[in-house]
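**Student:** Residue numbering for the sequence shown follows UniProt numbering, starting at 1 and increasing by one per position.
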Amino acid sequence: MKVFELTTNFWKNPIKGFPKPLKMVTRKELWYVLFLGTALLFYVFQRILGNTTQQLEDNTLLMSNYNEQLKTNEVFTNKDSLIARKEREKLILAIEEKIVGHLYQIPDYSYITSLYPYLEYAPDLLAQIPSAVPLENGDYNLSSTYGHRLHPISKEVKKHYGIDLAAPMDKPVYASASGIVLKVIDSQKGYGTHIVLKHRFGFQTLYGHLNKVLVTKGQKVEQHELIATVGNTGASTGYHLHYEIIKNGLKINPIQSLDLKRNIYLRLMALNPRTKIKKNGKDR
């Protein structure tokens, strides 16, 4: 019997569709068993989700504890900088595994603040996280935010899964984090000509409505590397960059990421005036 026929027979007569031992079960008992199975699956899912949420909360608390240890180390720095530096390096190495695990787990940028103390001691990690504006300063503005909006073309209320940065045609577009070019798609619909980059910790970024693409699929790119130029391709009403961040398969709000690296470096500059902010591959 073909699969299609078997499936059809099952839905017409669930009892007849089962093997002989199960035919002895009445229709009422069968649906009761199916109900219990569904309930069990729901319970297991809730337990998994609950454990994941608890792990995130535990890791966030752990990061706060590490913050206190680092602050204690800073106080000690005033007494003996060499010893304190070695102790701090030892402490950071000891917690790095937890930090990496936390970065893979976090669903969005709301949990990043708990990592600020560590990121200040290891700012190079920011190069692997989407943490910068993908355009140079000036000549652009935020024209559309993440969330529900009236679509400019369909005139229907739809969720906007990224942000739009209105900018002049061919304004340079830069990678917001180091990674690998996952996709380069040339289309006259939707995102138009667009690029998807894959980064560490479950992050991906999407750059849409491009005019020129300056990278190829599989190419490695560094944070602030030139990858494309602003265009008006696809479902677009004007020159702009559509920018998305995907975390563990889900599209999240990119707004909190835009000034992440800058804020960390400004805090570092307050502590050490010789600290330089790297932007678009150059010291600043």
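Glycine included, C-beta positions come from ideal geometry on N, C-alpha and C. Nothing here was measured: the structure is a model prediction, and the numbers come from that model.
Quick one: any contact between the region 199-212 and the region 177-185, if contact means 3 or more CB pairs under 8 angstroms?
**Tutor:** Judged by Cβ distances under 8 angstroms, the region 199-212 makes contact with the region 177-185, as three or more pairs qualify.
**Student:** Taking the CB atoms as reference points, tell me whether GLY190 and GLY238 lie closer together than 8 angstroms.
**Tutor:** Going by C-beta atoms, GLY190 is not nearer than 8 angstroms to GLY238.
**Student:** Should GLN223 be labelled buried (16 or more other beta-carbon atoms within 10 Å of its own) or exposed?
**Tutor:** Buried, because 16 or more other Cβ atoms sit within 10 Å of the Cβ of GLN223.
**Student:** State the start and end residues of the unbroken beta strand (DSSP E) segment that holds LYS183.
**Tutor:** Element bounds for LYS183: 179-185.
**Student:** According to DSSP, which residues form a beta bridge with LEU165?
**Tutor:** DSSP, once it has assigned bridges, lists LEU142, LEU241 as partnering LEU165.
**Student:** Would you identify the three-state DSSP class for VAL100, choosing helix, strand or coil?
**Tutor:** Looking at VAL100 - three-state DSSP - the assignment turns out to be helix.
**Student:** Quick check on VAL75: does DSSP put it in helix, strand or coil?
**Tutor:** Residue placement at VAL75 is poorly supported in this model, since its pLDDT is 49, which falls under 50; the coordinates are not used for a value here.
**Student:** Give the DSSP-derived three-state secondary structure of TYR111 in the structure shown.
**Tutor:** DSSP places TYR111 in helix when its eight states are reduced to three.
**Student:** Compute the Euclidean distance between the alpha carbons of ASP139 and GLY218, then round it to the nearest angstrom.
**Tutor:** Computed Cα separation, rounded: 31 angstroms.
**Student:** Residues in its own chain within less than 7 angstroms of ILE99 by CB, not counting five upstream and five downstream?
**Tutor:** These residues qualify, in order along the chain: LEU115, TYR118.
**Student:** Kindly confirm or deny that the region 247-255 and the region 164-173 touch, where touching means at least three C-beta pairs closer than 8 angstroms.
**Tutor:** Flag = no, the region 247-255 and the region 164-173 do not touch.
**Student:** Looking at the structure shown, is GLN105 part of a helix, part of a strand, or coil, going by DSSP?
**Tutor:** GLN105 falls in the helix class under three-state DSSP.
**Student:** Along the chain, where does the beta strand (DSSP E) containing GLY208 start, and where does it finish?
**Tutor:** From DSSP, the beta strand (DSSP E) with GLY208 extends over 203-208.
**Student:** Check the C-beta distance from residue 302 over to GLU225 and give it rounded, since I have them as a contact under 8 angstroms.
**Tutor:** Residue 302 lies beyond the range of the chain shown here (1 to 284); nothing can be said about it.
**Student:** Using the beta-carbon count (16 or more within 10 Å), is TYR104 buried or exposed?
**Tutor:** TYR104 is exposed by the Cβ-count criterion.
**Student:** Whole angstroms is fine: what's the gap from PHE203's alpha carbon to LEU82's?
**Tutor:** Straight-line Cα distance between these residues: approximately 37 angstroms.
**Student:** Considering only the alpha carbon of each residue, which of MET269, ALA270, TYR265, LEU260 lies closest to VAL133?
**Tutor:** Of the candidates MET269, ALA270, TYR265, LEU260, the one whose C-alpha sits nearest the C-alpha of VAL133 is LEU260.
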